[in-house]
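Novice: Mind having a look at this structure? Questions to follow.
In our numbering, the protein residues as written are 334 to 841.
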């Protein structure tokens with residue numbers, strides 16, 4: 334039970350009043366929305382895949398219980414002692430932070446700033462704590478979509494929420510709290526879907542529109558500009574908005590996960606999509622959608638809608654493993670020094686400029702990839718080439734590919750290993766000294782292979798096996814917590830001492 338804590342869902346931005354009303358009329362604020370897709374199969378008929386929703390799957394697979402009808406009053410305020418009175422498991426309760434309700438026409442309060450919502454979140458978390466009986470080890474998990482992730486970060490980073498801007502004693506009493514009950518509640522983990530951690534940037538040539546947005550702040554839209562973000566995130570003037578500066582009740586950066594969407598085409602809000610452009614989920618650009626230095630995954634889903642990032646199998650599988658997995662693995666690619674001329678160089682004037690690395694990562698048994706970085710989606714990893722001691726080498730010695738999580742209890746019966754796979758494709762790209770470029774073939778690659786790996790952990794050692802699809806033999810061995818998989822022959826003929834490095838450690 335060590336990994337289980339109450340889950341609090343914090344939804345994203347509702348710009349217009351009609352969106353606020355629509356949000357008000359959704360009990361789970363959208364966390365209960367699923368999706369239906371058809372997928373091609375080996376037969377003639379496509380196969381329907383139904384993702385029920387994060388709410389339903391957390392109930393079915395992890396035993397969570399939602400709070401409605403049990404632990405909250407008719408205004409969604411957690412009832413003190415209700416979980417303990419019902420003899421429920423407080424660790425496996427799920428709560429919806431309905432922070433837009435006061436702004437609906439039913440109640441009619443004014444729109445707040447992000448740190449105002451964060452102060453309300455602080456009140457809500459203390460109400461949940463009291464509902465759960467205030468156990469000594471109480472902590473929560475925050476799961477947030479879009480602006481909800483900024484509300485969560487403001488709660489975790491801004492000291493004024495418990496200082497200069499804390500609610501008055503009268504306001505706390507109105508919400509069923511004594512002043513002594515209002516204190517920072519520990520957050521064990523934070524998982525964000527499509528959050529603009531670095532703000533919302535418009536495509537080149539539309540900087541003037543950003544300036545107007547940040548100046549006028551129409552419907553709170555200035556919350557996505559860097560100046561306002563630094564204010565409510567308690568950042569210094571020179572800090573990048575995606576800088577994480579946690580307070581004592583916040584999780585460390587390794588427990589702050591960002592899920593990044595790369596499907597620009599299927600976002601349903603056309604005006605926003607045209608303003609932001611490709612290389613985004615339709616609203617948030619790829620480079621703006623993660624917390625600096627934190628773990629992240631890329632999935633080909635849009636910001637919201639039928640093919641949205643929250644209502645996706647890939648999103649849920651990342652969420653589930655991040656929250657409840659017990660082994661963390663980190664993959665790094667080490668290319669090393671070039672020892673042979675690369676394919677794709679067709680002219681003496683061509684000079685190596687950079688490598689483009691495409692990647693898919695999955696775990697055995699999943700119906701989708703956990704992580705996809707693709708040139709077609711403008712999300713591939715770009716590694717510049719530089720000269721060192723007169724020789725061309727990749728600029729980065731270790732290229733971080735992915736951080737994922739395994740559940741050793743989910744192994745197949747009779748197999749001692751938890752298993753995964755990674756597709757890796759590496760393309761060289763060149764600078765040209767002239768206008769004529771008909772000597773080069775698009776798509777030349779130096780590596781295009783899949784590695785299958787299995788691991789079994791124990792107190793003293795890590796047992797493993799692996800194989801590349803291009804090679805027939807399977808390798809086995811024992812290590813501490815670091816594995817080095819030599820690159821397949823297709824790549825090792827170009828790179829000296831190239832390898833895929835995997836680090837494994839316990840996770841909770």
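All C-beta atoms in this analysis are idealised placements derived from N, C-alpha and C, irrespective of residue type, glycine included. Because the structure is a prediction, the values reported are computed rather than measured.
1) Among 735, 670, 673, 659, which residue has its Cα nearest to the Cα of residue 690?
2) For residue 753, write down the residues that DSSP places opposite it in a beta bridge.
3) Out of 612, 814, 342, which has the shortest C-alpha to C-alpha gap to residue 458?
4) Suppose you measure from the CA of residue 581 to the CA of residue 684; what does that come to, to the nearest Å?
5) Please list the terminal residues of the continuous alpha helix (DSSP H) segment that includes residue 483.
6) DSSP on residue 826, reduced to helix/strand/coil?
7) Less than 9 Å between the C-beta atoms of residue 696 and residue 747, yes or no?
8) State yes or no: is the C-beta of residue 570 within less than 9 Å of the C-beta of residue 433?
9) Pairing CB atoms from the region 460-472 with CB atoms from the region 347-358, are three or more of them under 8 Å?
10) If residue 530 sits next to residue 621, beta carbons under 8 Å apart, how far is it from one beta carbon to the other, in whole angstroms?
11) So, with DSSP's three-state summary, where would you put residue 428?
12) If you run the structure through DSSP and keep just helix, strand and coil, what is residue 348?
13) Who pairs with residue 665 in a beta bridge, going by DSSP?
14) Using only alpha-carbon positions, find the residue among 358, 733, 713, 781 that is nearest to residue 756.
15) Thinking residue 596 and residue 368 are a contact (beta carbons under 8 Å), I'd like their distance in whole angstroms, please.
16) Give a yes or no on whether the C-beta atoms belonging to residue 609 and residue 617 are separated by under 9 Å.
17) I need the DSSP call for residue 423, collapsed to helix, strand or coil.
18) I'd like to confirm the pairing. Which residues does DSSP put opposite residue 398 in its beta bridges?
19) Quick one: give me the first and last residue of the alpha helix (DSSP H) that residue 449 is part of.
20) Is residue 807 helix, strand or coil when you go by DSSP?
21) Which value, in whole angstroms, describes the spacing of the CA atoms of residue 749 and residue 807?
22) So residue 899 packs on residue 737, CB below 8 Å; how close in whole Å?
23) Which residues in the same chain as residue 611 place their Cβ atom closer than 7 Å to its Cβ, once the five residues preceding and following it in sequence are excluded?
24) Roughly how far, in whole angstroms, is the beta-carbon of residue 661 from the beta-carbon of residue 838, given that I think they are within contact range, below 8 Å?
25) Identify the continuous beta strand (DSSP E) that holds residue 719 and give its terminal residues.
26) Relative to the C-alpha of residue 483, which residue among 579, 841, 638 is closest?
27) Return helix, strand or coil for residue 623, following the three-state DSSP convention.
28) Among 721, 517, 783, which has the Cα closest to the Cα of residue 452?
29) Assuming residue 741 is part of the alpha helix (DSSP H), what are its boundary residues?
30) Could you check whether residue 395 and residue 653 sit closer than 9 Å to each other, using their CB atoms as the reference points?
31) Quick check on the burial criterion: 16 or more other C-beta atoms within 10 angstroms. Buried or exposed for residue 382?
32) Please report the straight-line C-alpha distance between residue 400 and residue 427, rounded to a whole angstrom.
33) Under 6 Å Cβ to Cβ from residue 405, same chain only, skipping five residues before and after it: list those, please.
34) Residue 566 and residue 490: beta carbons closer than 9 Å?
35) Among residues of its own chain, excluding the 5 on either side of residue 717, which ones have a beta-carbon nearer than 6 Å to its beta-carbon?
Specialist: Once the coordinates are examined:
1) Residue numbering aside, residue 690 sits at position 357 when the chain shown is read from its first letter. Relative to the Cα of residue 690, the nearest Cα in the group 735, 670, 673, 659 belongs to 735.
2) For the purposes of this step, residue 753 is taken as the residue at position 420 of the chain shown. Within the DSSP secondary-structure output, residue 753 pairs in a beta bridge with 696, 786.
3) In the chain shown, residue 458 corresponds to position 125, counting from 1. Taking only the C-alpha atoms, the option nearest residue 458 is 342.
4) Translated into the one-based positions of the chain shown, residue 581 becomes position 248. Translated into the one-based positions of the chain shown, residue 684 becomes position 351. Taking the straight line from one Cα to the other gives about 50 Å.
5) Here residue 483 corresponds to residue number 150 of the chain shown, with the count starting at 1. Element bounds for residue 483: 480-490.
6) To locate residue 826, count along the chain shown from 1; it is residue 493. Here residue 826 sits in coil by DSSP.
7) Within the chain shown, the letter at position 363 stands for residue 696. Within the chain shown, the letter at position 414 stands for residue 747. No, the Cβ-Cβ distance between residue 696 and residue 747 is not below 9 Å.
8) Counted from its first residue, the chain shown places residue 570 at position 237. Counted from its first residue, the chain shown places residue 433 at position 100. Contact check for residue 570 against residue 433 fails: the beta carbons are separated by 9 Å or more.
9) Under the Cβ criterion (8 Å, minimum of three pairs), the region 460-472 does not count as touching the region 347-358.
10) In the chain shown, residue 530 corresponds to position 197, counting from 1. In the chain shown, residue 621 corresponds to position 288, counting from 1. At roughly 7 Å, the Cβ-Cβ gap stays under 8 Å, so residue 530 and residue 621 are in contact.
11) Within the chain shown, residue 428 is the residue found at index 95, counting from 1. In this structure, residue 428 counts as strand in the three-state DSSP scheme.
12) By one-based count along the chain shown, residue 348 stands at place 15. Secondary structure of residue 348 (DSSP, three-state): coil.
13) By one-based count along the chain shown, residue 665 stands at place 332. Residue 665 pairs with 733, 834.
14) The residue you call residue 756 lines up with position 423 of the chain shown. The residue with the shortest Cα to Cα distance from residue 756 is 781.
15) Working through the chain shown from its first residue, we reach residue 596 at position 263. Working through the chain shown from its first residue, we reach residue 368 at position 35. Under the criterion of beta carbons closer than 8 Å, residue 596 and residue 368 do not qualify as touching, at roughly 12 Å.
16) For this step, residue 609 is matched to residue 276 along the chain shown. For this step, residue 617 is matched to residue 284 along the chain shown. A contact, by the Cβ cut-off of 9 Å.
17) Your numbering for residue 423 matches position 90 in the chain shown. Looking at residue 423 - three-state DSSP - the assignment turns out to be helix.
18) Residue 398 sits at position 65 when you count from the first residue of the chain shown. Answer by DSSP bridge pairing, in chain order: 426.
19) The sequence position of residue 449 within the chain shown is 116, counting from 1. Residue 449 -> alpha helix (DSSP H) spans 447-464.
20) Sequence index remark: in the chain shown, residue 807 carries index 474 (1-based). In this structure, DSSP gives residue 807 a state outside helix and strand, which the three-state scheme calls coil.
21) Start at 1 with the first residue of the chain shown, and residue 749 comes out as number 416. Start at 1 with the first residue of the chain shown, and residue 807 comes out as number 474. When rounded, the distance between both Cα atoms is 16 Å.
22) Outside the shown range of the chain, which is 334 to 841, sits residue 899, and nothing can be said about it.
23) Here the question's residue 611 lines up with position 278 in the chain shown. Cβ within range, chain order: 597, 711.
24) Here residue 661 is taken as the residue at index 328 of the chain shown, counted from 1. Here residue 838 is taken as the residue at index 505 of the chain shown, counted from 1. The pair is a contact, with the Cβ atoms about 5 Å apart (cut-off 8 Å).
25) Here residue 719 refers to the residue found at position 386 when the chain shown is read from its first residue. Start and end: 714-721.
26) Walking along the chain shown from the start, residue 483 turns up at place 150. The shortest C-alpha to C-alpha distance from residue 483 to any of 579, 841, 638 is the one to 579.
27) The count along the chain shown starts at 1 and reaches residue 623 at position 290. In the structure shown, residue 623 sits in coil (DSSP, three-state: anything other than H, G, I, E or B).
28) Here residue 452 corresponds to residue number 119 of the chain shown, with the count starting at 1. Check the Cα spacing between residue 452 and each of 721, 517, 783: the tightest is with 517.
29) Working through the chain shown from its first residue, we reach residue 741 at position 408. Counting along the chain, residue 741 sits inside no alpha helix (DSSP H), nor does DSSP assign it H or E at all.
30) Within the chain shown, the letter at position 320 stands for residue 653. Within the chain shown, the letter at position 62 stands for residue 395. Cβ atoms of residue 653 and residue 395: closer than 9 Å.
31) Reading the chain shown from its first residue, position 49 is the one you call residue 382. With fewer than 16 Cβ atoms within 10 Å of its Cβ, residue 382 is classed as exposed.
32) Working through the chain shown from its first residue, we reach residue 400 at position 67. Working through the chain shown from its first residue, we reach residue 427 at position 94. Using only the alpha carbons, I get a separation of about 6 Å.
33) In the chain shown, residue 405 corresponds to position 72, counting from 1. Only 411 meet the Cβ criterion.
34) The sequence position of residue 566 within the chain shown is 233, counting from 1. The sequence position of residue 490 within the chain shown is 157, counting from 1. Their beta carbons are under 9 Å apart, which means residue 566 touches residue 490 by this criterion.
35) Position 384 of the chain shown, counted from the first residue, corresponds to residue 717. Within the same chain, and ignoring the five residues on either side of residue 717 in sequence, the residues whose Cβ sits closer than 6 Å to its Cβ are 687, 728.
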